[in-house]
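Here's the structure we're looking at; comments come further down.
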Amino acid sequence: MDNRELWTALGMDLEKHDDFLAPVPAIFTSLFLDRPNRPKAMGYFDMIVGDVHGIRVHELYAMKEAGAKVFSTFCVYVPEEIVVATGSASIGLCAGAQYTVSSGEKVLPRNLCPLIKSTMGFKLDRICPYFQVSDWVIGETTCDGKKKAWEILNEHIPTYVMDLPQKKDSKDARLWEEEVRDFASFIERETKVSITAENLAQGIQKINNKRHALQRLANLRKHNPAPIHGLDVLLINQLSFFDDPVRFAAQVNALCDELDERVKEGVGVAPSDAPRILVTGTPQPLPAWKLHALIEQAGAVVVGEETCTGERYYKDITEPGDNLTDMLANIAKRPLKVNCACFTPNQGRMEDINLMAETLKADAVIDFNLQFCQPYGVESYFVAKEMEKKKIPFLRLESDFSEEDQGQLLTRIEALIEMIRA
Amino acid sequence: MKQAGLDLGSVNTKLVVLENGERVYSHVIPSWFDSVQAGITLLKSYVEEYGEEPEKLVVTGYGRVNFPEGRVITEITCQARGCHAHFPEYAYILDLGGQDAKVIKKSAEGKVVQFIMNDKCAAGTGRFLDVILKGLDLTSVELALATAAKPMPINSMCTVFAESEVITMLAKGIPKPEVIAGLFKSTAKRLANFVESVGHPECLIFTGGGAYYCLLVQFLERELKGNVVIPSEPELTAALGAALLA
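Residue numbers (my numbering), protein chains in the order written: chain V, 188 to 609; chain Z, 4 to 249.
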């Protein structure tokens with residue numbers, strides 16, 4: 188089956204899909220492929236993007252033919268270990284394209300986070316094969332916009348919602364553990380595979396290995412000169428939600444081996460006096476590359492992302508357990524260490540940012556907020572205060588997935604760089 | 004040695020030339036949607052008058068990236084440097100330009116410590132005032148009367164909505180001076196909040212074309228409960244800063 192036959196089988200709108208994908212090769216070439224001095228091991232990830240709606244979708248389709256299910260997620264809180272344990276697939280979904288925002292606005296308010304509108308648009312337009320190949324969407328209650336949008340999305344694809352608490356007290360932990368156990372039963376029902384101590388231990392191991400590989404990559408960015416562009420790491424972080432976890436971890440580790448050599452030889456992608464930027468705030472889902480591209484185009488280098496397409500996804504691993512009950516309890520414990528702005532209070536996030544800024548020797552912090560994201564937008568106040576206290580130059584940026592404001596963003600980023608260099 | 008600073012703004016393009024630190028030339032022309040061309044014209048008229056090109060040139064402002072010559076520095080850094088030449092003792096700057104509004108905090112050395120700019124929308128920019136004032140077709144008498152008029156509250160944040168709010172008021176027979184006073188008051192309030200999101204200045208430096216609106220300055224002082232100082236030619240400070248950095 189070639190790609191077009193596959194897309195037809197998945198009920199996609201081929202004409203619209205062609206229109207959506209048409210500009211992507213040129214953008215990807217100029218942002219990624221044309222840049223000098225990229226690590227050779229980026230080849231694997233470039234290949235994936237080169238056929239982003241092909242290779243992996245064929246795999247998922249074949250898995251389904253063999254009886255497995257595909258579960259789509261939008262959030263680092265969803266316990267993918269449980270899905271992987273049953274031999275089914277857990278994937279992230281495209282949510283970072285301006286193209287689908289206007290379709291999303293047919294059913295959603297305009298003044299809503301572009302991530303939610305983009306997601307909805309992908310489904311309504313039928314141009315995301317990952318959405319089309321999915322049996323279920325696994326939503327969560329990390330913000331009011333998503334919480335209510337799931338109800339609409341459920342009219343188009345079955346949507347299961349996990350209720351994430353908003354505080355981190357012991358009763359919240361109990362509620363979340365119950366949610367995780369309910370989710371495990373739901374996955375068992377849907378996949379018709381029993382979760383056992385054996386397959387869950389394997390699921391935990393696979394996802395932990397993926398997170399370890401991403402941690403290793405993140406840790407290499409503390410070196411100066413930076414051995415890899417922030418934009419390349421962002422791409423890897425974005426793909427970490429899509430790819431087969433075992434193969435992906437192996438490829439990330441191969442890249443890290445190459446970067447180890449670079450560090451030993453003192454080779455970098457930017458001069459050692461290039462300003463080092465830590466990006467904090469809301470995620471940059473595929474294919475949102477604008478922010479990193481602009482920062483690095485201005486002569487700085489992004490050394491870390493305190494976001495869900497970054498540190499929040501992989502900073503904590505799941506502790507192994509001796510039996511099924513303990514394993515599920517441990518799976519529930521990991522997400523509650525993640526400091527998302529949906530929690531109150533969220534002082535832990537300030538500690539995360541401080542630690543990252545220090546470890547990565549960041550010269551400045553850019554706090555990025557997707558327009559209309561309330562939790563992160565409000566919390567930006569505390570990030571600014573914290574950075575002032577720590578005397579770290581700080582810039583708050585708000586944007587969406589559109590291209591028009593690149594000039595305005597660049598002016599702000601350049602002024603920040605001048606500030607650092609003055 | 005001659006140092007030139009060229010500020011390629013969205014509404015006006017400005018050139019300042021210094022010789023041994025003293026200003027020998029300054030000029031402002033409209034950009035007419037092509038600030039690069041305006042900049043070329045300005046430089047050419049300077050060369051015709053003085054018979055030589057400046058040894059050093061820094062370009063700044065909206066059109067800076069497309070200008071064929073000169074070192075590029077953002078208007079934020081240039082604005083801070085230019086204001087520092089006028090008022091080294093004050094830290095906070097509010098710049099109300101044609102396309103954006105910004106607040107800059109500078110250090111005792113005139114370096115940028117912190118800055119914010121308005122979002123991608125005309126609300127609270129010079130353009131906002133321009134659009135609405137043009138629509139009102141004011142006489143100088145009406146403008147003078149506005150100083151003493153009771154300001155009508157204008158609530159809309161958006162230029163388009165504010166314009167229709169103003170039209171509605173006029174249709175109801177509310178005198179123009181009251182509407183104008185309201186317009187400046189609401190803009191001043193928004194700008195004061197913008198300043199206070201960065202800090203609380205006892206004395207604020209106000210630059211950009213917007214600083215020419217006396218009524219806006221009055222309301223701004225009232226909102227901030229502090230003094231506002233304006234450099235002699237407030238639209239030239241970024242160009243001056245660029246020249247000083249050249």
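Note that CB positions come from ideal geometry on N, CA and C, so glycine has one too.
Going by the DSSP bridge assignment, what does residue i pair with across the sheet?
{"i": "Tyr-95 (chain Z)", "result": "Z:Lys-108, Z:Leu-207"}
{"i": "Phe-118 (chain Z)", "result": "Z:Ile-107"}
{"i": "Val-257 (chain V)", "result": "V:Ala-276"}
{"i": "Gln-6 (chain Z)", "result": "Z:Leu-21, Z:Lys-59"}
{"i": "Asp-554 (chain V)", "result": "V:Thr-467, V:Arg-583"}
{"i": "Ile-325 (chain V)", "result": "V:Thr-260, V:Tyr-347"}
{"i": "Asn-230 (chain Z)", "result": "Z:Cys-206"}
{"i": "Asn-15 (chain Z)", "result": "Z:Pro-33"}
Within 10 Å of its beta-carbon, does residue i have 16 or more other beta-carbons around it, so buried, or fewer, so exposed?
{"i": "Gly-454 (chain V)", "result": "The residue you asked about is not Gly; residue 454 (chain V) is Val in the sequence shown. Exposed, since its Cβ has fewer than 16 Cβ neighbours within 10 Å."}
{"i": "Phe-232 (chain V)", "result": "buried"}
{"i": "Ala-151 (chain Z)", "result": "exposed"}
{"i": "Glu-545 (chain V)", "result": "exposed"}
{"i": "Asp-587 (chain V)", "result": "buried"}
{"i": "Gly-84 (chain Z)", "result": "Here the sequence assigns Arg to residue 84 (chain Z), which means Gly is not the residue at that position. Answer is buried; the Cβ neighbour count reaches 16."}
{"i": "Ile-214 (chain V)", "result": "exposed"}
{"i": "Asp-444 (chain V)", "result": "exposed"}
{"i": "Gly-254 (chain V)", "result": "exposed"}
{"i": "Asp-550 (chain V)", "result": "buried"}
{"i": "Pro-212 (chain V)", "result": "exposed"}
{"i": "Thr-273 (chain V)", "result": "buried"}
{"i": "Asp-103 (chain Z)", "result": "buried"}
{"i": "Val-265 (chain V)", "result": "buried"}
{"i": "Lys-256 (chain V)", "result": "buried"}
{"i": "Pro-210 (chain V)", "result": "exposed"}
When the Cα of residue i is compared with those of the options, which residue comes out closest?
{"i": "Glu-525 (chain V)", "options": "V:Thr-512, V:Gly-497, V:Glu-545", "result": "The amino acid at residue 525 (chain V) is misidentified as Glu; the sequence shows Val. It is V:Gly-497 whose Cα lies nearest to the Cα of Val-525 (chain V)."}
{"i": "Leu-21 (chain Z)", "options": "Z:Leu-60, Z:Tyr-65, Z:Arg-130, Z:Ala-191", "result": "Z:Leu-60"}
{"i": "Leu-542 (chain V)", "options": "V:Tyr-568, V:Ile-579, V:Gln-425", "result": "V:Ile-579"}
{"i": "Ile-325 (chain V)", "options": "V:Glu-366, V:Leu-220, V:Ile-314", "result": "V:Glu-366"}
{"i": "Val-231 (chain Z)", "options": "Z:Gly-113, Z:Tyr-95, Z:Tyr-49", "result": "Z:Tyr-95"}
{"i": "Tyr-501 (chain V)", "options": "V:Asp-539, V:Ala-487, V:Val-488, V:Leu-511", "result": "V:Asp-539"}
{"i": "Thr-505 (chain V)", "options": "V:Leu-523, V:Val-490, V:Val-466, V:Ala-461", "result": "V:Leu-523"}
{"i": "Arg-608 (chain V)", "options": "V:Ile-464, V:Gly-535, V:Pro-432, V:Leu-584", "result": "V:Ile-464"}
{"i": "Gln-224 (chain V)", "options": "V:Asp-419, V:Ile-235, V:Leu-515", "result": "Checking the sequence shown, residue 224 (chain V) turns out to be Asn, not Gln. That would be V:Asp-419, whose Cα lies nearest to the Cα of Asn-224 (chain V)."}
{"i": "Asp-592 (chain V)", "options": "V:Ala-487, V:Gly-491, V:Lys-477", "result": "V:Lys-477"}
{"i": "Ala-214 (chain Z)", "options": "Z:Phe-70, Z:Gln-6, Z:Gly-100", "result": "Z:Gly-100"}
{"i": "Leu-97 (chain Z)", "options": "Z:Asn-121, Z:Glu-112, Z:Asn-23, Z:Arg-74", "result": "Z:Asn-121"}
{"i": "Asp-447 (chain V)", "options": "V:Lys-409, V:Val-263, V:Ile-303", "result": "V:Lys-409"}
{"i": "Pro-71 (chain Z)", "options": "Z:Ser-38, Z:Ile-79, Z:Tyr-49", "result": "Z:Ser-38"}
{"i": "Ser-34 (chain Z)", "options": "Z:Leu-11, Z:Ser-143, Z:Glu-168", "result": "Z:Leu-11"}
{"i": "Gly-127 (chain Z)", "options": "Z:Ser-110, Z:Thr-210, Z:Cys-161, Z:Met-172", "result": "Z:Cys-161"}
{"i": "Phe-36 (chain Z)", "options": "Z:Gly-8, Z:Tyr-65, Z:Pro-57", "result": "Z:Tyr-65"}
{"i": "Glu-605 (chain V)", "options": "Z:Ile-76, Z:Gly-8, Z:Glu-55", "result": "Z:Ile-76"}
{"i": "Asp-133 (chain Z)", "options": "Z:Glu-226, Z:Val-198, Z:Ile-183", "result": "Z:Ile-183"}
Start and end of the alpha helix (DSSP H) containing residue i?
{"i": "Glu-166 (chain Z)", "result": "162–174"}
{"i": "His-30 (chain Z)", "result": "Note, His-30 (chain Z): premise wrong, no alpha helix (DSSP H); beta strand (DSSP E) at 25–33."}
{"i": "Leu-247 (chain V)", "result": "242–252"}
{"i": "Leu-132 (chain Z)", "result": "129–139"}
{"i": "Thr-546 (chain V)", "result": "534–546"}
{"i": "Met-606 (chain V)", "result": "593–608"}
{"i": "Leu-422 (chain V)", "result": "417–426"}
{"i": "Glu-452 (chain V)", "result": "432–452"}
{"i": "Arg-398 (chain V)", "result": "384–407"}
{"i": "Thr-287 (chain V)", "result": "It is not in any alpha helix (DSSP H) - Thr-287 (chain V) carries neither H nor E in the DSSP assignment."}
{"i": "Pro-212 (chain V)", "result": "211–215"}
{"i": "Asp-189 (chain V)", "result": "Asp-189 (chain V) -> no alpha helix (DSSP H), and no H or E assigned at all."}
{"i": "Asp-233 (chain V)", "result": "229–237"}
{"i": "Tyr-568 (chain V)", "result": "561–577"}
{"i": "Val-144 (chain Z)", "result": "143–149"}
{"i": "Arg-376 (chain V)", "result": "357–378"}
{"i": "Phe-132 (chain V)", "result": "This structure gives no information on residue 132 (chain V), because the portion of chain V shown stretches from 188 to 609."}
{"i": "Leu-295 (chain V)", "result": "It is not in any alpha helix (DSSP H) - Leu-295 (chain V) carries neither H nor E in the DSSP assignment."}
{"i": "Asn-196 (chain Z)", "result": "179–199"}
{"i": "Phe-134 (chain V)", "result": "No statement about residue 134 (chain V) is possible, as the shown extent of chain V runs from 188 to 609 and does not include it."}
So residue i is in the beta strand (DSSP E); what residue range does that whole segment cover?
{"i": "Arg-583 (chain V)", "result": "581–586"}
Which runs of the beta strand (DSSP E) at least 3 residues long sit entirely within the segment 458–500 of chain V? Give them in chain order.
463–468, 488–493
Contained alpha helix (DSSP H) runs [length at least 4] in the segment 54–85 of chain Z, N- to C-terminal order
none
Select from the segment 67–79 of chain Z all residues with a C-beta closer than 7 Å to any C-beta belonging to chain A, and list them in chain order.
Among the chains of the structure shown, chain A does not appear; the protein chains present are V and Z.
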